[in-house]
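Participant:
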Amino acid sequence: MSGIPRRDFMRSTLVVAGAVALTGTFGDAASASAGDSSSPDHEADRAADRIIDRVKLPRIPRRDFPITRFGAVGDGVTDNSAAIAAAVQEVSSRGGGRVVIPAGTWATGPIHLKSRTELHVSAGATLLFSTDPHAYLPTVYSRWQGIELMNYSPLIYAYGEHDIAVTGSGVLDGQASVANWWAWKKLGDADFPVFEATVNAGLPVEQRDGTKYHFRPTFFEPYDCERVLIEGVTLRNSPFWHLHPTLCRDVVVRGVTVDSTGPNTDGCDPESCDGVVIEEVSFDVGDDCIALKSGRNTDGRRLNTPCQNVVIQHCTFANGHGGITIGSEMTGGVRDVYARDLTMTSAGLQSGHRLKTNSVRGGFIENSHVYRVSVSAIGGPLLLIDFNYGEGNTGSYPPVVTDINLSHWTVASATQGWNIAGYPTDPVGTVRLSDITITGPLTTANVATNVSELQLSDVVIDGVPQ
Numbered sequence: 141m142s143g144i145p146r147r148d149f150m151r152s153t154l155v156v157a158g159a160v161a162l163t164g165t166f167g168d169a170a171s172a173s174a175g176d177s178s179s180p181d182h183e184a185d186r187a188a189d190r191i192i193d194r195v196k197l198p199r200i201p202r203r204d205f206p207i208t209r210f211g212a213v214g215d216g217v218t219d220n221s222a223a224i225a226a227a228v229q230e231v232s233s234r235g236g237g238r239v240v241i242p243a244g245t246w247a248t249g250p251i252h253l254k255s256r257t258e259l260h261v262s263a264g265a266t267l268l269f270s271t272d273p274h275a276y277l278p279t280v281y282s283r284w285q286g287i288e289l290m291n292y293s294p295l296i297y298a299y300g301e302h303d304i305a306v307t308g309s310g311v312l313d314g315q316a317s318v319a320n321w322w323a324w325k326k327l328g329d330a331d332f333p334v335f336e337a338t339v340n341a342g343l344p345v346e347q348r349d350g351t352k353y354h355f356r357p358t359f360f361e362p363y364d365c366e367r368v369l370i371e372g373v374t375l376r377n378s379p380f381w382h383l384h385p386t387l388c389r390d391v392v393v394r395g396v397t398v399d400s401t402g403p404n405t406d407g408c409d410p411e412s413c414d415g416v417v418i419e420e421v422s423f424d425v426g427d428d429c430i431a432l433k434s435g436r437n438t439d440g441r442r443l444n445t446p447c448q449n450v451v452i453q454h455c456t457f458a459n460g461h462g463g464i465t466i467g468s469e470m471t472g473g474v475r476d477v478y479a480r481d482l483t484m485t486s487a488g489l490q491s492g493h494r495l496k497t498n499s500v501r502g503g504f505i506e507n508s509h510v511y512r513v514s515v516s517a518i519g520g521p522l523l524l525i526d527f528n529y530g531e532g533n534t535g536s537y538p539p540v541v542t543d544i545n546l547s548h549w550t551v552a553s554a555t556q557g558w559n560i561a562g563y564p565t566d567p568v569g570t571v572r573l574s575d576i577t578i579t580g581p582l583t584t585a586n587v588a589t590n591v592s593e594l595q596l597s598d599v600v601i602d603g604v605p606q
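For the sequence shown, this note's numbering assigns the number 141 to the initial residue and increments by one for each residue that follows.
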């Protein structure tokens with residue numbers, strides 16, 4: 141890349157050893173402001189762009205393998221699992237390429253991707269995933285709420301692979317509803333303490349059988365993979381979290397729509413990943429829109445791998461528990477998060493930047509920046525820092541949360557500006573709120589308890605400087 145401007149490089153087609161780089165640009169508007177030293181967010185933009193410059197896209201050959209070539213039938217009823225698996229195997233044996241889902245409605249079970257494979261869901265194509273739990277056996281190595289185990293396969297899965305992608309303008313439909321997967325919510329919640337007790341007692345991962353419990357699979361889970369792209373597709377009705385890259389390096393989520401109302405249907409939850417770009421994604425979900433995670437409790441301390449170097453830009457948030465969320469499974473720590481040029485549109489969004497932890501989780505959150513945010517409505521605080529989430533202050537691992545920054549928010553309607561609550565013996569560190577305007581009155585008083593340093597600069601609420 142020496143001597144080639146980043147944007148020109150990303151727009152070009154690069155051919156090496158018969159492979160091509162998947163092309164595109166990363167937020168030119170934000171990059172332009174990063175070059176302007178007069179921009180108030182100049183340093184944050186520069187740091188974000190340095191992360192983007194380091195994130196590599198997959199390199200996948202230009203060879204198409206339509207699933208119809210392997211006997212797939214697009215009638216919405218025929219099980220095409222074997223045909224899609226055969227296409228993936230053929231792509232792998234040929235050194236890589238695209239498994240193409242043509243226009244039509246295609247029923248399937250889980251899809252397991254291999255290195256240098258792109259699952260391309262064409263315009264007019266819908267993949268309908270089975271809701272039969274037995275279709276997702278045998279179990280695979282996974283993480284469930286921050287703990288490693290052998291569980292039902294994610295709907296789309298890869299383990300230890302490199303250069304994988306899911307692309308196109310078609311639809312991925314998990315078909316989850318209260319008649320199937322979502323009915324497991326309360327049962328899984330009741331099962332979890334029993335399961336975690338076995339983990340804390342030292343049960344090896346290979347013996348942690350998630351099928352003994354009601355632990356729903358995620359939608360797309362690349363595990364310990366390098367160079368992952370998901371672009372363009374619409375995901376809806378996942379059994380559990382939609383996008384869950386875990387222990388991955390170089391992840392790009394771009395131009396995706398996530399739409400679901402079910403329980404725990406988080407939009408995108410990178411866990412213990414290094415180098416993540418999430419851009420131009422639309423979220424309307426039944427839980428957190430984006431949640432950065434890094435393992436949970438004893439198992440999180442065993443792996444001790446942070447989630448770091450994350451850029452989120454040009455995304456839209458409608459319904460959800462939190463827009464940019466960190467935690468609650470954050471035992472390995474989260475650092476260096478830059479979320480910029482965002483739009484929040486609904487009072488169904490319960491908080492803007494949500495940090496949730498406790499003294500059982502432990503871990504750290506440091507150097508988080510959420511800036512240039514336009515809010516037409518939000519049904520809670522702009523900033524929520526909650527040390528009493530879940531088990532509350534019942535452990536011996538006090539979390540470290542500091543260097544939290546919100547700047548240049550323009551808010552038409554919100555119920556609260558900030559709600560920050562640390563522990564008396566473990567306060568939240570430094571929190572900075574600057575250049576924030578909330579047009580209308582608040583319905584809930586701002587809260588800041590057990591905070592070492594809360595800095596307010598040019599914060600105006602209902603016309604009153606704070």
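Glycine included, each C-beta is placed from N, C-alpha and C at the ideal position.
Measuring only the C-alpha atoms, how far is residue 203 from residue 227?
Facilitator: As a first step, residue 203 is located in the sequence shown; it is residue number 63 there, counting from the start. As a first step, residue 227 is located in the sequence shown; it is residue number 87 there, counting from the start. Roughly 12 Å separates the two Cα atoms.
Participant: Does the region 209-227 come close enough to the region 247-260 that 3 or more CB-CB pairs lie under 8 Å?
Facilitator: Segments in contact, yes.
Participant: At which residues does the alpha helix (DSSP H) containing residue 221 begin and terminate?
Facilitator: Within the sequence shown, residue 221 is the residue found at index 81, counting from 1. Where residue 221 is concerned, the enclosing alpha helix (DSSP H) stretches over 221-233.
Participant: Go to residue 449, then tell me how far its beta strand (DSSP E) extends in each direction, as first and last residue.
Facilitator: Looking up residue 449 in the sequence shown gives position 309. Taken as a continuous stretch (DSSP letters only), the beta strand (DSSP E) holding residue 449 covers 447-453.
Participant: When the Cα atoms are used, what is the spatial distance from residue 552 to residue 180?
Facilitator: Position 412 of the sequence shown holds residue 552. Position 40 of the sequence shown holds residue 180. Roughly 21 Å between the two C-alpha positions.
Participant: Who does residue 116 pair with in a DSSP beta bridge?
Facilitator: This structure gives no information on residue 116, because the portion of the chain shown stretches from 141 to 606.
Participant: Is it buried or exposed, residue 234, if we count other Cβ atoms within 10 angstroms and call 16 or more buried?
Facilitator: In the sequence shown, counting from the first residue as 1, residue 234 sits at position 94. So residue 234 counts as exposed.
Participant: Is the separation between the beta-carbon of residue 594 and that of residue 585 shorter than 8 Å?
Facilitator: Position 454 of the sequence shown, counted from the first residue, corresponds to residue 594. Position 445 of the sequence shown, counted from the first residue, corresponds to residue 585. No, the pair does not count as a contact, with Cβ atoms beyond the cut-off.
Participant: Quick one: residues in its chain with C-beta nearer than 6 Å to the C-beta of residue 576, no 5 flanking neighbours on either side, listed in chain order?
Facilitator: As a first step, residue 576 must be located in the sequence shown, where it is residue number 436. Closer than 6 Å at Cβ, skipping near neighbours: 549 and 599.
Participant: Along the beta strand (DSSP E) that carries residue 260, what are the first and last residues, could you check?
Facilitator: As a first step, residue 260 must be located in the sequence shown, where it is residue number 120. Per DSSP, residue 260 belongs to the beta strand (DSSP E) from 257-261.
Participant: Kindly identify the DSSP beta-bridge partner or partners of residue 247.
Facilitator: Numbered from its first residue, the sequence shown carries residue 247 at position 107. Its beta-bridge partners are 219 and 268.
Participant: Please confirm whether residue 112 and residue 440 have their CB atoms less than 8 Å apart.
Facilitator: This structure does not reach residue 112, given that the chain is present from 141 up to 606, and the question cannot be answered.
Participant: Checking the sheet assignment: what are the DSSP bridge partners for residue 408?
Facilitator: Here the question's residue 408 lines up with position 268 in the sequence shown. In DSSP, residue 408 forms a bridge with 383 and 430.
Participant: Roughly how many angstroms lie between the CA atoms of residue 605 and residue 492, to the nearest whole one?
Facilitator: Translated into the one-based positions of the sequence shown, residue 605 becomes position 465. Translated into the one-based positions of the sequence shown, residue 492 becomes position 352. About 21 Å.
Participant: Can you check which of these residues, 409, 489, 407 and 388, is closest to residue 445 by C-alpha distance?
Facilitator: Along the sequence shown, one-based indexing puts residue 445 at 305. It is 388 whose Cα lies nearest to the Cα of residue 445.
Participant: When you compare the region 310-319 with the region 370-377, are there three or more beta-carbon pairs, one atom per stretch, that lie closer than 8 Å?
Facilitator: At 8 Å Cβ cutoff, the stretches touch.
Participant: Does DSSP put residue 545 in a helix, in a strand, or in coil?
Facilitator: Working through the sequence shown from its first residue, we reach residue 545 at position 405. The answer is strand: DSSP assigns residue 545 an E or B state.
Participant: When the Cα atoms are used, what is the spatial distance from residue 273 to residue 264?
Facilitator: In the sequence shown, the residue the question calls residue 273 occupies position 133. In the sequence shown, the residue the question calls residue 264 occupies position 124. Looking at the two C-alpha atoms, the distance is approximately 27 Å.
Participant: Report the CB separation of residue 523 from residue 546 in whole angstroms; it is logged as a contact under 8 Å.
Facilitator: The count along the sequence shown starts at 1 and reaches residue 523 at position 383. The count along the sequence shown starts at 1 and reaches residue 546 at position 406. Their Cβ separation, rounded to whole angstroms, is 6 Å, which keeps residue 523 and residue 546 in contact under 8 Å.
Participant: So residue 457 and residue 485 are in contact, right, with Cβ under 8 Å, and what is the actual spacing, rounded?
Facilitator: If you number the sequence shown from 1, residue 457 lands on position 317. If you number the sequence shown from 1, residue 485 lands on position 345. The Cβ separation is near 7 Å, so the contact holds.
Participant: Taking the continuous beta strand (DSSP E) assigned at residue 207, which residues delimit it?
Facilitator: Translated into the one-based positions of the sequence shown, residue 207 becomes position 67. From DSSP, residue 207 is part of no beta strand (DSSP E); its letter is neither H nor E.
Participant: In terms of alpha-carbon separation, which member of 393, 410, 425 and 421 lies closest to residue 401?
Facilitator: Stepping through the sequence shown from its first residue, residue 401 is reached at position 261. Comparing Cα positions, the closest option is 425.
Participant: Just curious, the beta strand (DSSP E) that residue 593 is in, first and last residue?
Facilitator: Looking up residue 593 in the sequence shown gives position 453. Note, residue 593: beta strand (DSSP E), 591-601.
Participant: For residue 334, count neighbouring C-beta atoms within 10 Å of its own C-beta (all shown protein chains included) and say buried if the count is 16 or more, exposed if not.
Facilitator: Within the sequence shown, residue 334 is the residue found at index 194, counting from 1. Exposed, because fewer than 16 other Cβ atoms sit within 10 Å of the Cβ of residue 334.
Participant: Would you tell me roughly how many angstroms separate the C-alpha atoms of residue 164 and residue 392, rounded to the nearest one?
Facilitator: To locate residue 164, count along the sequence shown from 1; it is residue 24. To locate residue 392, count along the sequence shown from 1; it is residue 252. The predicted position of residue 164 is uncertain, since its pLDDT is 39 and thus under 50; a value taken from the coordinates is nonetheless stated next. Spanning the two alpha carbons is a distance of roughly 11 Å.
Participant: Does the beta-carbon of residue 298 have 16 or more other beta-carbons within 10 angstroms, so that it is buried, or is it exposed?
Facilitator: Here residue 298 is taken as the residue at index 158 of the sequence shown, counted from 1. Buried: at least 16 other Cβ atoms inside 10 Å.
Participant: In the DSSP assignment, the beta strand (DSSP E) including residue 566 goes from what residue to what residue?
Facilitator: For the purposes of this step, residue 566 is taken as the residue at position 426 of the sequence shown. Careful: residue 566 lies outside any beta strand (DSSP E) and carries neither H nor E.
Participant: By Cβ distance below 6 Å, which residues in the same chain neighbour residue 570 in space, the five residues on each side in sequence not counted?
Facilitator: Within the sequence shown, residue 570 is the residue found at index 430, counting from 1. Closer than 6 Å at the Cβ level, and outside the excluded window around residue 570, lie 542, 543 and 593.
Participant: Could you give the first and the last residue of the continuous alpha helix (DSSP H) run that contains residue 338?
Facilitator: Here residue 338 is taken as the residue at index 198 of the sequence shown, counted from 1. 325-340 is the span of the alpha helix (DSSP H), which, as asked, contains residue 338.
Participant: For residue 225 and residue 361, I'd like the C-alpha separation in whole angstroms.
Facilitator: On the sequence shown, position 85 is the one that residue 225 refers to. On the sequence shown, position 221 is the one that residue 361 refers to. When rounded, the distance between both Cα atoms is 17 Å.
Participant: Who are the near neighbours of residue 559 in its chain, counting only those whose CB is closer than 6 Å to its CB and skipping five residues on each side?
Facilitator: As a position in the sequence shown, residue 559 is number 419, starting the count at 1. The residues are 521, 524 and 587.
Participant: Quick one: what does DSSP say residue 503 is sitting in, helix, strand or coil?
Facilitator: Within the sequence shown, the letter at position 363 stands for residue 503. Here residue 503 sits in coil by DSSP.
Participant: Where does residue 534 sit, in a helix, a strand or coil, going by DSSP?
Facilitator: Translated into positions along the sequence shown, residue 534 becomes position 394. If DSSP states are grouped into helix, strand and coil, residue 534 belongs with coil.
Participant: Within the continuous beta strand (DSSP E) that includes residue 182, where are the two ends?
Facilitator: For the purposes of this step, residue 182 is taken as the residue at position 42 of the sequence shown. Looking at the DSSP string, residue 182 is not in any beta strand (DSSP E); the run it does join, the alpha helix (DSSP H), is 182-194.
Participant: Beta strand (DSSP E) containing residue 237: first to last residue?
Facilitator: As a working note, residue 237 is residue 97 in the sequence shown. Per DSSP, residue 237 belongs to the beta strand (DSSP E) from 237-241.
Participant: So residue 410 and residue 417 are in contact, right, with Cβ under 8 Å, and what is the actual spacing, rounded?
Facilitator: Working through the sequence shown from its first residue, we reach residue 410 at position 270. Working through the sequence shown from its first residue, we reach residue 417 at position 277. Wrong, their Cβ atoms sit about 10 Å apart, outside the cutoff.
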